[in-house]
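Its first residue numbered 1, the sequence shown is counted upward by one per residue in full-length UniProt numbering.
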Amino acid sequence: MAKQKIRKGDLVQVIAGKDKGLQGKVIQSLPRDGKVIVEGVNRVKKHTKVGQTARGSQTGGIITTEAPIQVSNVMLVVEHEGKKVVTRVGFRREEQERTLPDGSKKTVTRSVRFAKKTGEAI
Numbered sequence: 001m002a003k004q005k006i007r008k009g010d011l012v013q014v015i016a017g018k019d020k021g022l023q024g025k026v027i028q029s030l031p032r033d034g035k036v037i038v039e040g041v042n043r044v045k046k047h048t049k050v051g052q053t054a055r056g057s058q059t060g061g062i063i064t065t066e067a068p069i070q071v072s073n074v075m076l077v078v079e080h081e082g083k084k085v086v087t088r089v090g091f092r093r094e095e096q097e098r099t100l101p102d103g104s105k106k107t108v109t110r111s112v113r114f115a116k117k118t119g120e121a122i
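Structure, rendered in structure tokens:
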């Protein structure tokens, strides 16, 4: 199973399906299923049973909620030079300098996500 490149909080655009072209923020990432839940995308109606909550109020009826969408059907949206650009995501190793608690400096390599179209780290 490959590492999922889209994460919670990312702005994505739908590239396939009934909601093609819509943009939204990722609410939840489901890497085991290869899916994400995007705000305002793939909305479905759910019929819920009437029941009582702890405070005594009644709940139930038809509610509209977002359903998961395949991660392959969304692309990351990044801001580049004042425009929103749809791009693929890649990983690269970058060296960073860290300051240790004793004041000395150490060079470490980190895996960084970057936008393939712009080359900028995300």
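Note that beta-carbon positions come from the ideal geometry of N, C-alpha and C, so glycine has one too.
- Between Thr107 and Glu94, the CB-CB gap reaches or exceeds 7 Å.
- The beta-carbon separation of Val89 and Lys117, rounded to 10 Å, does not stay under the 8 Å limit for a contact.
- Taking Gly40 as the centre and dropping the five residues before and after it, the same chain places the C-beta of Gly24 closer than 6 Å to its C-beta, in chain order.
- In the DSSP secondary-structure assignment, Leu22 is not bridged to any residue.
- Look at the region 29-116 and you find these whole runs of beta strand (DSSP E), each 3 residues long or longer: 35-38, 43-52, 58-66, 74-80, 83-87, 89-99 and 105-115.
- The straight-line gap separating the alpha-carbon atoms of Val86 and Ser104 is approximately 41 Å.
- Taking 7 Å as the cut-off, the Cβ atoms of Val12 and Val26 count as close.
- Going by beta carbons, Val36 and Ser29 fall inside the 7 Å limit.
- DSSP, reduced to helix, strand and coil, places Ile27 within a strand of the structure shown.
- Leaving aside the five residues that flank Gly61 on each side, the residues in its chain whose CB is nearer than 7 Å to its CB run, in chain order, Thr48.
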